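Protein sequence lines, in the order shown, are assigned to chains V and U. Residue numbers 400 to 630, in the working numbering, belong to the letters of the first sequence in order. Residue numbers 400 to 630, in the working numbering, belong to the letters of the second sequence in order. Glycine residues also receive a C-beta, built at the ideal position from the N, C-alpha and C atoms. Nothing here was measured: the structure is a model prediction, and the numbers come from that model. See below for the structure under consideration.
2 protein chains.
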Amino acid sequence: MANDEIKQIWKVPEPTLRRLPWYLAFVKLLKGKGEAYVSSTQIAKEINVDSSQVAKDLSFVNITGKTRVGYEINTLVAVLEDFLGFTIQHKAFLFGVGSLGAALLQDSGLSQYGLDIIAGFDTRRELAGTSIKGIPVFHISEFPACQKELNATIGVITVPVDQAQSVTDHIISEGIKALWNFTPFRIRVPRHVVVQNTSMYAHLAVMFNRLNQLNRRNENYSCGNELCKPQ
Amino acid sequence: MANDEIKQIWKVPEPTLRRLPWYLAFVKLLKGKGEAYVSSTQIAKEINVDSSQVAKDLSFVNITGKTRVGYEINTLVAVLEDFLGFTIQHKAFLFGVGSLGAALLQDSGLSQYGLDIIAGFDTRRELAGTSIKGIPVFHISEFPACQKELNATIGVITVPVDQAQSVTDHIISEGIKALWNFTPFRIRVPRHVVVQNTSMYAHLAVMFNRLNQLNRRNENYSCGNELCKPQ
Numbered sequence: 400m401a402n403d404e405i406k407q408i409w410k411v412p413e414p415t416l417r418r419l420p421w422y423l424a425f426v427k428l429l430k431g432k433g434e435a436y437v438s439s440t441q442i443a444k445e446i447n448v449d450s451s452q453v454a455k456d457l458s459f460v461n462i463t464g465k466t467r468v469g470y471e472i473n474t475l476v477a478v479l480e481d482f483l484g485f486t487i488q489h490k491a492f493l494f495g496v497g498s499l500g501a502a503l504l505q506d507s508g509l510s511q512y513g514l515d516i517i518a519g520f521d522t523r524r525e526l527a528g529t530s531i532k533g534i535p536v537f538h539i540s541e542f543p544a545c546q547k548e549l550n551a552t553i554g555v556i557t558v559p560v561d562q563a564q565s566v567t568d569h570i571i572s573e574g575i576k577a578l579w580n581f582t583p584f585r586i587r588v589p590r591h592v593v594v595q596n597t598s599m600y601a602h603l604a605v606m607f608n609r610l611n612q613l614n615r616r617n618e619n620y621s622c623g624n625e626l627c628k629p630q
Numbered sequence: 400m401a402n403d404e405i406k407q408i409w410k411v412p413e414p415t416l417r418r419l420p421w422y423l424a425f426v427k428l429l430k431g432k433g434e435a436y437v438s439s440t441q442i443a444k445e446i447n448v449d450s451s452q453v454a455k456d457l458s459f460v461n462i463t464g465k466t467r468v469g470y471e472i473n474t475l476v477a478v479l480e481d482f483l484g485f486t487i488q489h490k491a492f493l494f495g496v497g498s499l500g501a502a503l504l505q506d507s508g509l510s511q512y513g514l515d516i517i518a519g520f521d522t523r524r525e526l527a528g529t530s531i532k533g534i535p536v537f538h539i540s541e542f543p544a545c546q547k548e549l550n551a552t553i554g555v556i557t558v559p560v561d562q563a564q565s566v567t568d569h570i571i572s573e574g575i576k577a578l579w580n581f582t583p584f585r586i587r588v589p590r591h592v593v594v595q596n597t598s599m600y601a602h603l604a605v606m607f608n609r610l611n612q613l614n615r616r617n618e619n620y621s622c623g624n625e626l627c628k629p630q
């Protein structure tokens with residue numbers, strides 16, 4: 400986790416960065432339909448966010464809307480994709496070619512959003528020399544040499560929980576600058592390293608809990624249908 | 400998105416639900432090391448959260464710590480796994496067997512956390528009749544019949560953005576109660592349906608932005624090393 404001092408230097412707030420891809424997806428849809436302009440009010444209505452929030456979010460991006468017509472769609476798509484880093488390929492190594500790691504190597508969609516995973520590493524000798532969708536898998540001992548040659552900036556961490564911290568320390572020592580952590584372990588990093596946690600299991604936990612609560616709530620109504628409940 | 404009225408009925412706050420899996424991962428590590436007890440202070444220190452917050456989070460779970468020694472680890476692991484819904488298999492269908500969808504079908508790890516994807520659906524006829532890791536893929540037209548027979552509660556959405564809303568409407572009409580949305584599209588659902596958004600691309604955007612800012616910041620110091628900067 401970046402510490403507080405680091406956090407203060409971020410120019411763009413994280414909630415803004417998380418909303419911008421929603422806007423991009425919607426605006427790309429409009430582009431596909433042949434539309435020319437979009438207003439922040441339109442985006443706001445679609446995404447279910449305040450229109451002043453949309454305007455504020457877009458103020459971080461280098462684009463100006465025209466009065467009455469709004470933003471020019473082609474420009475907005477290009478500028479957003481560029482701003483979000485989706486137009487540059489960021490070289491990444493993946494650590495831990497288990498079930499989730501192998502799945503991520505399969506997902507060619509990531510490279511369309513700027514993440515170019517160029518190799519996977521694992522401690523299991525039997526995986527060394529194999530490849531997944533053309534991406535080579537090496538034994539972890541080959542990582543320092545690969546890093547010297549290829550100079551990846553991002554490490555995707557999909558190792559078992561008990562190896563998460565040691566792998567983190569190892570890859571940072573070889574010059575990896577940002578970590579995409581898929582493990583449910585809270586890794587610790589020096590302040591000059593970026594961490595993005597994506598805990599799929601935490602998302603599952605939230606979904607299961609909401610589902611259970613709705614189920615229990617519905618059981619309190621005779622017909623078992625949420626729509627039958629007194630409004 | 401659940402609307403405000405629905406949100407008020409959630410007994411457990413989302414941030415709590417997102418932190419609990421971090422605690423679980425850490426406590427499981429301690430269990431593996433043969434430890435017997437853990438205090439909220441220990442968890443707090445490891446996860447980098449206030450210890451009062453840890454105690455508050457754990458107050459939602461049915462477990463009581465003992466003064467001085469803390470929580471009994473075996474019980475805490477069992478109670479947390481149960482509370483988070485990881486011990487029950489939730490039947491799910493996956494919609495959109497593209498790159499990401501196929502990758503998720505490959506990830507057997509999900510079933511260890513309670514998500515049992517029992518079939519995939521796609522509009523492409525050539526995929527019908529195939530299977531991935533033993534999970535059958537059907538044409539989308541077969542979904543209503545499959546749903547009547549198997550009664551899945553969760554829909555995993557990995558379709559292209561322009562199909563996200565129509566697929567959402569279709570699967571809700573057949574009785575799916577919760578949606579795990581991997582598309583960058585903000586789907587709209589009736590208030591009795593749960594939505595969990597997992598936008599991998601939004602996470603990439605945050606990581607790329609932080610990385611770029613650190614790079615730019617470092618360029619302002621002659622040695623290019625964050626550690627050389629004046630403190």
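Original post:
Taking C-alpha atoms, which residue in U:532, U:536, U:485, U:523 lies nearest to residue 514 of chain U?
Top reply: The count along the second sequence starts at 1 and reaches residue 514 of chain U at position 115. Ranking U:532, U:536, U:485, U:523 by Cα distance to residue 514 of chain U puts U:485 first.
Original post:
If you measure from the beta carbon of residue 601 of chain V to each beta carbon in chain U, is any gap under 7 Å?
Top reply: If you number the first sequence from 1, residue 601 of chain V lands on position 202. Taking 7 Å as the CB threshold, residue 601 of chain V lines the interface with chain U.
Subject >> Span of the alpha helix (DSSP H) around residue 435 of chain U >> reply: For the purposes of this step, residue 435 of chain U is taken as residue 36 along the second sequence, with counting starting at 1. Taken as a continuous stretch (DSSP letters only), residue 435 of chain U belongs to no alpha helix (DSSP H), as it is neither H nor E.
**OP:** Scan the region 530-544 of chain U for residues whose Cβ lies nearer than 7 Å to a Cβ of chain V and list them as they occur along the chain.
**Re:** none
Original post:
Looking at the structure shown, is residue 446 of chain U part of a helix, part of a strand, or coil, going by DSSP?
Top reply: In the second sequence, counting from the first residue as 1, residue 446 of chain U sits at position 47. Correct three-state label for residue 446 of chain U: helix.
Original post:
Whose CA, out of U:557, U:479, U:417, lies closest to the CA of residue 516 of chain U?
Top reply: Start at 1 with the first residue of the second sequence, and residue 516 of chain U comes out as number 117. Residue U:557 is the option with its Cα nearest to residue 516 of chain U.
Original post:
Over what stretch of residues does the alpha helix (DSSP H) that includes residue 584 of chain V continue unbroken?
Top reply: Your numbering for residue 584 of chain V matches position 185 in the first sequence. Run containing residue 584 of chain V: none; DSSP gives neither H nor E here.
**OP:** Anything in chain U within Cβ reach of residue 569 of chain V, meaning under 8 Å, just list it in chain order.
**Re:** Reading the first sequence from its first residue, position 170 is the one you call residue 569 of chain V. Correct list: empty, because the minimum Cβ distance to chain U is about 18 Å.
Original post:
Ordered along the chain, which non-local residues of its own chain (more than five positions away) have a Cβ less than 8 Å from that of residue 474 of chain U?
Top reply: Within the second sequence, numbered from 1, the residue matching residue 474 of chain U stands at position 75. Only 462 meet the Cβ criterion.
Subject >> Counted within 10 angstroms of its Cβ, other Cβ atoms place residue 410 of chain U as buried (16 or more) or exposed >> reply: Along the second sequence, read from residue 1 onward, the residue named residue 410 of chain U stands at position 11. By the neighbour-count rule (16 or more Cβ atoms within 10 Å), residue 410 of chain U is not buried but exposed.
**OP:** From the DSSP output, in three-state form, read off residue 556 of chain V for me.
**Re:** Indexing the first sequence from 1 puts residue 556 of chain V at position 157. Strand.
Original post:
Is the beta carbon of residue 416 of chain V less than 7 Å from the beta carbon of residue 611 of chain U?
Top reply: Position 17 of the first sequence, counting from 1, holds the residue named residue 416 of chain V. Position 212 of the second sequence, counting from 1, holds the residue named residue 611 of chain U. The Cβ atoms of residue 416 of chain V and residue 611 of chain U do not sit closer than 7 Å to each other.
Original post:
If we call anything under 7 Å between Cβ atoms a contact, is residue 424 of chain V one with residue 472 of chain V?
Top reply: Along the first sequence, one-based indexing puts residue 424 of chain V at 25. Along the first sequence, one-based indexing puts residue 472 of chain V at 73. Going by C-beta atoms, residue 424 of chain V is not nearer than 7 Å to residue 472 of chain V.
**OP:** For residue 577 of chain V, write down the residues that DSSP places opposite it in a beta bridge.
**Re:** Here the question's residue 577 of chain V lines up with position 178 in the first sequence. Paired residues: V:553, V:593.
**OP:** Would you mind giving the Cβ-Cβ distance between residue 549 of chain V and residue 490 of chain V, rounded to the nearest angstrom? I have them listed as a contact below 8 Å.
**Re:** As a working mapping, residue 549 of chain V is identified with position 150 in the first sequence. As a working mapping, residue 490 of chain V is identified with position 91 in the first sequence. Correct: roughly 6 Å between the Cβ atoms.
**OP:** Measure from the C-beta of residue 370 of chain V to each C-beta in chain U and report whether the shortest distance is under 7 Å.
**Re:** Because chain V here runs from 400 to 630, residue 370 of chain V falls outside it and cannot be looked at.
Original post:
residue 493 of chain V by DSSP, collapsed to three states: which one?
Top reply: Sequence index remark: in the first sequence, residue 493 of chain V carries index 94 (1-based). Three-state DSSP puts residue 493 of chain V in a strand.
**OP:** Ignore the nearest five residues each way along the sequence and tell me which others in residue 343 of chain V's own chain have a CB closer than 6 Å to its CB.
**Re:** Shown here, chain V extends from 400 to 630; a query on residue 343 of chain V therefore has no answer.
Subject >> Under the three-state DSSP convention, the category residue 411 of chain U falls into >> reply: Within the second sequence, numbered from 1, the residue matching residue 411 of chain U stands at position 12. Annotated three-state conformation of residue 411 of chain U is coil, per DSSP.
Subject >> Cα-Cα separation between residue 568 of chain V and residue 536 of chain V, rounded to whole angstroms >> reply: Taking the first sequence and counting its residues from 1, one reaches residue 568 of chain V at position 169. Taking the first sequence and counting its residues from 1, one reaches residue 536 of chain V at position 137. Taking the straight line joining both Cα atoms gives about 20 Å.
**OP:** Have a look at residue 497 of chain V and residue 597 of chain V and give me their C-alpha separation to the nearest angstrom.
**Re:** Looking up residue 497 of chain V in the first sequence gives position 98. Looking up residue 597 of chain V in the first sequence gives position 198. Their backbone Cα atoms lie some 17 Å apart in a straight line.
Original post:
In the region 479-510 of chain V, which residues sit with their C-beta less than 7 Å from some C-beta in chain U, listed in chain order?
Top reply: 483, 484, 489, 498, 499, 501, 502, 503, 505, 506, 507, 508
Original post:
Who are the Cβ neighbours of residue 584 of chain V in its own chain at under 6 Å, not counting the five residues just before and after it?
Top reply: Within the first sequence, residue 584 of chain V is the residue found at index 185, counting from 1. For residue 584 of chain V, where only same-chain residues beyond five positions count, the Cβ hits under 6 Å are 560, 563.
Subject >> Pair within 7 Å by beta-carbon distance, residue 385 of chain U and residue 439 of chain U >> reply: The shown model of chain U, from 400 to 630, leaves out residue 385 of chain U, and the question about it has no answer.
Original post:
What is the DSSP secondary structure of residue 532 of chain V, counted as helix, strand or coil?
Top reply: Residue 532 of chain V sits at position 133 when you count from the first residue of the first sequence. Note: residue 532 of chain V maps to coil in three-state DSSP.
Original post:
Using a Cβ cut-off of 8 Å, which residues of the region 548-573 of chain U contact any Cβ in chain V, in chain order?
Top reply: Along the region 548-573 of chain U, going in chain order, the ones with a CB nearer than 8 Å to a CB of chain V are 552, 553, 560, 561.
Subject >> Three-state secondary structure (DSSP) of residue 537 of chain U >> reply: As a first step, residue 537 of chain U is located in the second sequence; it is residue number 138 there, counting from the start. In the three-state reduction of the DSSP assignment, residue 537 of chain U falls in the strand class, which pools E and B.
Subject >> C-alpha gap between residue 406 of chain V and residue 499 of chain U, whole angstroms >> reply: As a working mapping, residue 406 of chain V is identified with position 7 in the first sequence. As a working mapping, residue 499 of chain U is identified with position 100 in the second sequence. Low confidence applies to residue 406 of chain V: its pLDDT is 47, below 50, so where it sits in the model is not reliable, and the reading given next is rough at best. Distance between the alpha carbons of residue 406 of chain V and residue 499 of chain U: 31 Å.
Original post:
From residue 547 of chain V to residue 575 of chain V, what distance separates their C-alpha atoms?
Top reply: Stepping through the first sequence from its first residue, residue 547 of chain V is reached at position 148. Stepping through the first sequence from its first residue, residue 575 of chain V is reached at position 176. Taking the straight line from one Cα to the other gives about 11 Å.
**OP:** Can you tell me which of V:581, V:530, V:532, V:540 puts its alpha carbon nearest to the alpha carbon of residue 554 of chain V?
**Re:** Counted from its first residue, the first sequence places residue 554 of chain V at position 155. Closest option to residue 554 of chain V, Cα to Cα, is V:581.
**OP:** Can you grab the Cα-Cα spacing for the pair residue 629 of chain V / residue 509 of chain V, in whole Å?
**Re:** Indexing the first sequence from 1 puts residue 629 of chain V at position 230. Indexing the first sequence from 1 puts residue 509 of chain V at position 110. Note that residue 629 of chain V scores 36 on pLDDT, short of 50, meaning its location in the model is unreliable; the coordinates nonetheless yield the value given after this. Each residue's alpha carbon lies about 46 Å from the other.
Subject >> C-alpha gap between residue 413 of chain V and residue 528 of chain U, whole angstroms >> reply: On the first sequence, residue 413 of chain V is found 14 positions in, with the first residue counted as 1. On the second sequence, residue 528 of chain U is found 129 positions in, with the first residue counted as 1. Between residue 413 of chain V and residue 528 of chain U, the C-alpha separation is close to 43 Å.
Original post:
Going along the region 435-464 of chain U in order, which residues come within less than 8 Å of chain V, judged by CB to CB distance?
Top reply: 445, 446, 447
Original post:
Would you say residue 629 of chain V reaches chain U, if we count a Cβ-Cβ gap shorter than 7 Å as a contact?
Top reply: Locating residue 629 of chain V in the first sequence gives position 230, where the first residue counts as 1. Here the model assigns residue 629 of chain V a pLDDT of 36, short of 50, so the residue's position is not dependable, and the following value carries that caveat. Judged by the 7 Å Cβ criterion, residue 629 of chain V is not in contact with chain U.
Original post:
Quick one, are the C-beta atoms of residue 578 of chain U and residue 566 of chain U less than 7 Å apart?
Top reply: Position 179 of the second sequence, counted from the start, is the residue given in the question as residue 578 of chain U. Position 167 of the second sequence, counted from the start, is the residue given in the question as residue 566 of chain U. Not a contact, by the Cβ cut-off of 7 Å.
Original post:
Residues bridged to residue 514 of chain U by DSSP?
Top reply: As a working mapping, residue 514 of chain U is identified with position 115 in the second sequence. U:489.
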